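Here the sequence shown is numbered in the working numbering, starting from 95 and rising by one per residue.
We put the CB at the ideal spot given by N, CA and C, even for glycine.
All values reported here derive from a predicted model rather than from experimental measurement.
Data first, discussion second: the structure below is written as structure tokens.
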Amino acid sequence: MKKTVGWIIGFVTVVVFGSTALGVGFAFLIPATLDLAVGTTDYEQLDLDFPVQEQRSIVQWNDGTVMTQLYRDQDRSPARLRQIPQHVIDAVISIEDRDFYEHEGVDVRGTARALVRDIEGQSGLQGGSTITQQLVKVALYPNAARTAKQKTIEAIVAAQIENQYSKDEILERYLNEVYYGSGAYGIKAAAERYFNRPLRNLSVADGALLAGLIRSPENLNPITNPERALARRSQVLDAMVETDRLGRSEAARARTLPLPTTLHRNAKYKPDSYFVSAMIDHLVDDENPASAALGPDPTARRSRLFGGGLRIRTTLDPEMQAHGELAVRRGLPTGTPVTAALVAVDNTTGGVRAMVGGVDFAQTEYNLATQGARQPGSSFKTFVLAAALKTGYSPNDTILGESRCSFPSPLATTPPDPYVVSARGGGVMSLRTAMTDSINCAFVRLIISLGHGADGPAQVIATAREMGVERSNLVPVTSLALGTSGVTPLEMASAYSTIAADGVRHDAAFVEEILGPDGEVVYRAGRTGTAALRPQIARTLTQMLEGPVRDGTAASTLGDFPRPAAGKTGTTNSNVDAWFVGYTAQLSAAVWVGQPECGDNDDPECSLSGYLGDEAFGGRAPARIWGSFMEPALAGEPVIGFPEPDPEQFPTSQYVSERGRLARIVPIVPTTTTEAPTTTTRPPRTTTSAPPSTNPPTTSPPTTSPPTTTTSTTVPGP
């Protein structure tokens with residue numbers, strides 16, 4: 095059998111490359127040659143299954159409307175044959191294979207006709223290959239050399255394809271497979287690329303142009319070669335008239351219509367927004383639950399996302415996203431390097447409802463919402479308080495929160511030794527007041543009370559991890575209480591939403607549902623969370639976090655916010671980073687303001703003060719952006735209060751010192767303090783200074799005085 099097929103291939107090769115005089119004779123040899131080849135080929139040895147067509151994926155908003163479309167190598171969106179207008183089908187058949195419905199894969203008459211035209215110098219109107227042969231070439235042998243032997247193989251396979259598939263199935267596959275130029279594969283993508291309209295709205299002239307592109311898509315491109323494209327369109331219209339598929343008057347009208355002059359790219363070969371970029375990273379990542387449904391490894395998952403024809407319904411709310419972008423744009427001065435990031439998550443599901451990762455994704459794709467780990471300042475104090483409450487502390491415990499404090503090793507981690515904190519203070523106060531007024535010395539003392547050295551910070555880190563700060567590198571040092579380890583806005587919003595959800599943690603989610611090209615469910619998000627905090631602790635935290643919004647560091651900006659809200663401000667050393675993280679019953683959001691290029695640099699040139707003035711604090715610009723987003727984002731939602739903690743479950747109040755909770759209560763010493771801006775979470779910088787006086791108030795326990803010469807550090811505040 096192999097000898098027979100080999101003889102046929104050799105014979106056809108000789109005939110094809112024979113003299114021109116044998117050309118017409120070759121047309122009469124074709125039927126016998128193919129009959130012999132078809133009759134002696136073992137079809138079971140041929141792979142007649144078409145590979146899966148690569149096709150774009152559709153990304154949707156949470157309401158099901160299209161957000162964007164993604165493709166990898168081939169921008170294709172398959173269409174059913176019944177969706178393609180008949181005049182478009184007629185145009186393709188007329189110019190590419192007018193006897194398509196009569197032949198059995200190889201058109202003997204068409205081949206002879208094309209050969210005669212070649213001999214007469216009239217090539218160009220119609221080629222010799224049938225639609226079935228062309229489909230075999232592009233689908234099964236796209237990279238094969240164009241030899242006589244290969245053409246014979248393709249002709250044999252085409253004949254078998256005709257036995258295996260119906261004519262309509264072959265035509266549909268062909269129209270969705272071929273390349274139309276300008277990155278468009280398939281008739282539907284071509285209609286969008288050149289005309290920006292759906293298939294059903296293509297005119298006769300449109301269909302003729304697209305049909306003409308198949309032979310040489312780039313040479314006949316109407317944008318780059320309009321004269322050639324116009325001539326080719328006329329050829330197609332002539333062919334339609336010649337085959338009685340179009341009237342002469344209609345063809346004449348079609349010739350008068352202009353060619354397209356602009357390309358339209360509805361699909362993207364890469365992410366086009368901060369959210370879509372983060373969503374893809376999320377779905378490719380091994381650690382996320384949706385990733386396993388998309389493939390065994392990141393490469394396979396990314397390939398399926400861009401070429402698997404998926405329909406991805408995301409968690410992103412179009413109205414909330416618009417409010418977030420507007421709030422950031424209006425909340426920052428123009429013409430400065432200052433930018434902002436905003437993330438909002440649904441408290442009941444963890445779904446990301448809005449994400450602003452910078453001012454303009456087209457200018458910089460670096461996502462400050464998910465990749466920009468920046469020091470959170472005093473907004474990290476929430477995790478210190480959560481760890482303390484979990485350990486058995488009471489919100490009514492008292493603690494010394496002076497304006498300057500010093501802690502030698504081994505109480506504090508090193509370096510420096512001793513660890514010195516300078517910020518505003520107010521004597522002995524309750525933990526509630528310490529949170530409302532964001533008293534640095536109180537929270538440094540609180541973290542040390544949880545365990546000397548690295549032990550206290552380790553407890554805080556464990557709590558932050560449980561609440562949702564999973565990926566950022568948290569360093570177990572005493573200054574962690576003031577937010578000296580960088581975190582992302584997404585982590586902060588997720589962790590605070592754990593508090594709002596009565597202690598139930600929902601991992602940040604980007605996708606609600608993924609459907610395959612045939613509508614099958616590939617992935618559907620669950621609604622089950624993980625208990626991270628006891629409800630009593632979460633409610634106590636919320637009650638204490640209402641203080642900064644109502645009476646404390648954010649009150650001047652958010653004091654009249656129209657619904658119950660809780661949150662915390664943060665401002666780092668030299669006012670380089672400013673934060674506000676807060677929530678209502680339904681939604682949590684984190685806002686960061688700063689200069690992306692500065693990173694962890696607390697150089698004065700990176701200070702926000704030069705650009706924002708009095709707004710360069712967590713309770714000002716970030717809180718203002720937060721409020722400007724949250725109020726319209728929640729418009730129409732019911733006003734829901736927070737569940738109250740049970741005061742009878744509060745532990746008996748005690749006094750907290752750096753050595754732990756003491757059995758006796760130290761009364762609160764009323765003091766008058768002037769609110770002053772404080773800096774936030776930069777790793778301590780050391781300077782030599784005279785030691786502060788550290789004698790506590792007469793009502794507080796004695797403390798050890800620091801040495802006469804110390805290492806002093808100015809550290810973050812609210």
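| Item | Value |
| --- | --- |
| What did DSSP end up calling A625 once you bin it into helix, strand or coil? | strand |
| Give me the DSSP bridge partner(s) of F674. | T663, V685 |
| Rounding to the nearest angstrom, what Cα-Cα distance links V232 and P354 in this structure? | 27 Å |
| Give the single residue among L756, S276, V251 whose Cα lies nearest to the Cα of G486. | L756 |
| Is the distance from the Cβ of G451 to the Cβ of A467 below 8 Å? | no |
| Would you kindly report the start and end of the unbroken alpha helix (DSSP H) that includes C700? | Element bounds for C700: n/a, residue is neither H nor E. |
| Got a sec, what are the start and stop residues for the alpha helix (DSSP H) G418 sits in? | 412-425 |
| Rounded to a whole number of angstroms, what is the C-alpha to C-alpha distance between N360 and P390? | 29 Å |
| So, at 6 Å on beta carbons, what are the nonlocal neighbours of V515 in its own chain, with the 5 sequence-adjacent residues on each side left out? | C499, N534, C535, V538, V809 |
| Specify the secondary structure class of R755 as computed by DSSP and reduced to three states. | strand |
| I need the straight-line Cα distance from S367 to M414, nearest angstrom please. | 15 Å |
| Measuring CB atoms only, is the stretch 150-163 touching the stretch 249-263, in the sense that at least three cross pairs come out at less than 8 Å? | no |
| According to DSSP, simplified to helix, strand and coil, what is D654? | coil |
| Output the distance between the C-alpha atoms of G306 and I281, rounded to the nearest integer angstrom. | 12 Å |
| Could you please give the first and the last residue of the uninterrupted beta strand (DSSP E) stretch that includes E607? | 605-609 |
| Assess, as a yes-or-no matter, whether the stretch 720-739 is touched by the stretch 674-683 under the definition of 3 or more beta carbon pairs within less than 8 Å. | yes |
| Please classify S217 as buried or exposed, where buried requires at least 16 neighbouring CB atoms within 10 angstroms. | Low confidence applies here, because S217 scores a pLDDT of 47, under 50, leaving its location unreliable; read the following figure in that light. It is exposed - the Cβ of S217 has fewer than 16 other Cβ atoms within 10 Å. |
| Assess contact between the stretch 295-303 and the stretch 338-351, defined as three or more Cβ pairs (one per stretch) separated by less than 8 Å. Is contact present? | yes |
| Pull up the distance between the alpha-carbon of M523 and that of A548, whole angstroms please. | 25 Å |
| Find out if the Cβ-Cβ distance for the pair G471, G712 is shorter than 8 Å. | yes |
| Put K364 into one of helix, strand or coil per three-state DSSP. | coil |
| Candidates S579, S573, G550: which alpha carbon is nearest E564's? | S579 |
| Nearest by alpha-carbon distance to A252: which of V422, L234, I593 is it? | L234 |
| For T159, I'd like the list of residues in its chain whose CB is within less than 8 Å of its CB, leaving aside the five on either flank, ordered along the chain. | P412 |
| Starting from M523, follow its DSSP beta bridges and name the residues at the other end. | I493 |
| Quick check: G397 and R166, are their CB atoms within less than 8 Å of each other? | Note that residue 397 corresponds to Ser in the displayed sequence, not to Gly. Taking 8 Å as the Cβ cut-off, S397 and R166 qualify as a contacting pair. |
| Helix, strand or coil for L436 per DSSP? | strand |
| What did DSSP end up calling D169 once you bin it into helix, strand or coil? | strand |
| For the stretch 493-509 against the stretch 596-613, are there 3 or more C-beta pairs whose distance is under 8 Å? | no |
| On the DSSP letters alone, give me the boundaries of the alpha helix (DSSP H) that Q244 sits inside. | 242-258 |
| The alpha helix (DSSP H) with T162 in it runs from where to where? | Element bounds for T162: not the alpha helix (DSSP H) but the beta strand (DSSP E), 160-164. |
| Rounded to the nearest angstrom, what separates F105 and K245 at their Cα positions? | With a pLDDT of only 39 at F105, under 50, the local geometry of the prediction cannot be trusted, and the value read off the model is given with reservation. Looking at the two C-alpha atoms, the distance is approximately 13 Å. |
| By Cβ distance, which residues of its chain are closer than 6 Å to T624, with the 5 residues on each side in sequence left out? | R599 |
| Skipping 5 residues on each side, what residues in its chain have a beta carbon closer than 8 Å to that of V616? | A387, L388, L404, I608, L609, G610 |
| Cα separation between L123 and V202? | Because L123 sits at a pLDDT of 44, beneath the cut-off of 50, its placement in the model cannot be relied upon, and the following sentence gives the value as read from the coordinates. So the alpha carbons of these two residues sit roughly 10 Å apart. |
| If we count the other Cβ atoms within 10 Å of its Cβ and call it buried at 16 or more, is E321 buried or exposed? | exposed |
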